[in-house]
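Student: Residue numbers for the sequence shown follow the numbering used here, beginning at 1 and rising by one.
Okay, handing you the structure first.
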Amino acid sequence: MVTLLSEMRSHPERAFICFNMQLYLADIQFDDIEMQKAAYAQFIELWDSGAMAKEDKFEGFELLFRVHAPGEGRVVVLCRAESDKQLFAHFAPWRAQFGMVIDFTPVISCQSVVDYHKDLFAKLGG
Numbered sequence: 001m002v003t004l005l006s007e008m009r010s011h012p013e014r015a016f017i018c019f020n021m022q023l024y025l026a027d028i029q030f031d032d033i034e035m036q037k038a039a040y041a042q043f044i045e046l047w048d049s050g051a052m053a054k055e056d057k058f059e060g061f062e063l064l065f066r067v068h069a070p071g072e073g074r075v076v077v078l079c080r081a082e083s084d085k086q087l088f089a090h091f092a093p094w095r096a097q098f099g100m101v102i103d104f105t106p107v108i109s110c111q112s113v114v115d116y117h118k119d120l121f122a123k124l125g126g
C-alpha cells in the first residue's frame, strides 16, 4: 500500500483506482435432476461447514443473496464483482461439476436508478 501511495504521489496521471464493483444477477438453471441433487449435496456440506461463506466473499467478489426454487431447478443470485474474472472464479467450478446453465445480467441499485434518471431527465428537460 505504501508503494501504491508513493506511486500515486509521484505519478498522479497513472493513479486511477476503481473501488466500485458491478452488480450482477445470476440466473442459474439445472437441466438435469441428478446433477441438481449432486450440487445440493455438495452445497449442504459447504453450508454446514461454514466453507460456503468463505467462497461467497473474496477479493473483488461478494455474493449478496442467493434464493432457491428447487422445484424448478433454479437458483437466483445477486452478487457484485470487479470483473468477469471474479464471476468465473466463483461460478465456473459449479458449472463444470454440475452442468448448470448460468445467465448473467448486469444490474443497478435503486439509488443508481434514481441518480441516473435524474441526470437523464435533466438532459431531456423534463
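All C-beta atoms in this analysis are idealised placements derived from N, C-alpha and C, irrespective of residue type, glycine included.
Note that the coordinates shown come from a computational prediction; the quantities given were computed from them, not determined experimentally.
Can you list the alpha helix (DSSP H) stretches of 4 or more residues lying completely in the segment 55–125, in chain order?
Tutor: 84–98 and 110–124
Student: State buried or exposed for Ala81, treating a residue as buried only when at least 16 other CB atoms are found within 10 Å of its CB.
Tutor: buried
Student: How long is the line joining the alpha carbons of Phe65 and Cys79, rounded to whole angstroms?
Tutor: Distance between the alpha carbons of Phe65 and Cys79 is about 7 Å.
Student: Run the CB neighbour count on Tyr116, radius 10 Å, all protein chains shown included, and call it buried at 16 or more, exposed below.
Tutor: exposed
Student: Are three or more beta carbon pairs between the segment 47–59 and the segment 19–31 nearer than 8 Å?
Tutor: no
Student: Could you say if the segment 28–36 and the segment 67–76 meet the contact criterion of at least three C-beta pairs nearer than 8 Å?
Tutor: yes
Student: According to DSSP, is Asp27 helix, strand or coil?
Tutor: For Asp27, the three-state secondary structure derived from DSSP is strand.
Student: Starting from Asp48, trace the alpha helix (DSSP H) in both directions and tell me its first and last residue.
Tutor: Ile33 to Ser49
Student: CB of Ile108 to nearest heavy atom of the ligand MG: below 7 Å?
Tutor: Judged by which ligands are present, the structure shown has none, so any question about the ligand MG falls away.
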